[in-house]
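Shown next, in structure tokens, is the structure this report addresses.
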Amino acid sequence: ITLTENAHVRAGLTAASIQWALTTNYVYWQPLVYLSHMAIVSLFGMDPAAHHLLNALLHSMNAALVFVVLRRMRLPLWPSAVAAAIFSFHPLRVESVAWVAERKDVLSTFFWMLTLAAYLWYLEDRKRGRYCLVFVSLALGLMAKPMLITLPLVLLLLDFWPLCRLKSAGVAGQPGLSPAGIEIRHLLKEKLPLLGLSLASGIVTLVAQSHSGAIKSLESYPVITRVANAAVAYTTYVFKTLWPRQLAVYYPYRGDTLTALPVLGAVLFLTTITFMVVRLSPRHRYLGVGWFWFLLTLLPVIGIVQVGA
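In the numbering used here, the protein residues as written are 177 to 485.
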């Protein structure tokens, strides 16, 4: 429906289609996704190969950016290369690349990585113009998919490690990037414009989903059911990352059919990992950053706000 049955997209880049892309707000606002499809239609028509190729090119650039950003944060060569390779080839990434309608994933990830790169550039010389580039990169990413609303919080995690900007981190800042010893309130103040942007995107998304009937009521999906399903989903993502099997495009909602045993097991698993990470983080900061990065970035789509059936 995003592509083959959308008359606006099939028309390519025209004044009317561009206006539609910028103003339509079905489920959520994603004008860059529609514009990218329209651009390919204008250049290559409805040839499937061209649309698939753009997804593949975006994913390739994202993998390269993962490596570049990790190296810019002064992380070792081989761990950075392995992380980029895992990101590039992991089966969990297949859907986003192979399914043309998932353009929003690879496109928003591209701007996610650009935002990180711009943030590192800003830290080298904290000028207003460089910060504006961070702001614009985040805004463009949110125009592809509102999944990026947690990115300002991820930047705070990076301030803790590997950038070591936080005063309580007790470690010298990265050479050439940023000094250490900054109070948390100053780091939060620095992120306020980005947090405001994320808040605006979240409100627009909730309004759009409410108007389209996508958000489910508490009567249909009680809070306890949502929390139980979220705990199991978080745990499932961990295991599918380590052992990617039984993957599918569509996963039926399990919240109202879950029994107590898998829910308790998931809660115990998540609680244990979190406790261990918090205990070990003073010595091994990467554990805390990695774990809370995982929890934060999945939060918008984990089902606390249930969208769809």
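Note that the Cβ used here is the ideal one computed from N, Cα and C, for glycine as well.
Where residue i falls, given that 16 or more other Cβ within 10 Å makes a residue buried
i    : result
W419 : exposed
K303 : exposed
S374 : buried
S256 : buried
G221 : exposed
D432 : exposed
V164 : Shown here, the chain extends from 177 to 485; a query on residue 164 therefore has no answer.
H227 : buried
H460 : exposed
Q206 : buried
R361 : exposed
F451 : exposed
I216 : buried
T381 : buried
L233 : exposed
W467 : buried
D301 : exposed
A183 : exposed
I124 : Limits of the chain in this structure are 177 at one end and 485 at the other, which puts residue 124 out of reach.
A225 : exposed
Proximity below 8 Å, CB of residue i to CB of residue j
i    : j    : result
L324 : L314 : yes
R341 : L363 : yes
L501 : T291 : A question about residue 501 goes unanswered here, because the residues of the chain that appear run from 177 up to 485.
V273 : H235 : yes
T417 : L268 : yes
L318 : S386 : no
V245 : L316 : no
P476 : P322 : yes
N201 : A384 : yes
Whole-angstrom distance between residue j and residue i, CA atom to CA atom
i    : j    : result
A187 : T285 : 26 Å
L334 : W196 : 37 Å
Q350 : L463 : 18 Å
Y298 : L339 : 13 Å
L208 : R279 : 10 Å
A192 : V203 : 21 Å
S354 : G484 : 43 Å
V258 : R247 : 12 Å
V453 : G372 : 29 Å
D223 : P458 : 53 Å
V185 : R455 : 51 Å
V310 : L229 : 28 Å
A260 : I194 : 34 Å
Y427 : F415 : 15 Å
L474 : R306 : 28 Å
T447 : M214 : 46 Å
G357 : Y210 : 44 Å
W469 : M289 : 14 Å
E271 : Q422 : 13 Å
V312 : A320 : 13 Å
Y429 : G352 : 48 Å
E181 : D281 : 20 Å
A293 : F287 : 10 Å
Integer Cβ distance of residue i from residue j, believed to fall under 8 Å
i    : j    : result
L189 : S218 : 5 Å
S283 : S393 : Rather than Ser, the amino acid found at residue 283 in this sequence is Leu. Not quite, the Cβ-Cβ distance comes to about 31 Å (not below 8 Å), so this is no contact.
E366 : K343 : That pair is no contact at about 14 Å.
L434 : N405 : 7 Å
W254 : V465 : So it is not a contact: roughly 19 Å between Cβ atoms.
heavy atom of the ligand MG below 7 Å from residue i C-beta
i    : result
F265 : Within the structure as shown, the ligand MG is missing, as the structure has no ligands at all.
Validate contact between the stretch 261-277 and the stretch 236-244 using beta carbons, cut 8 Å, 3 pairs: yes
At least three beta-carbon pairs within less than 8 Å, the stretch 473-481 to the stretch 396-416: yes
Cβ contact check for the stretch 403-421 and the stretch 434-445: 3 or more pairs under 8 Å: Counting C-beta pairs with one atom in each stretch, the stretch 403-421 and the stretch 434-445 have three or more that are closer than 8 Å, which means they touch.
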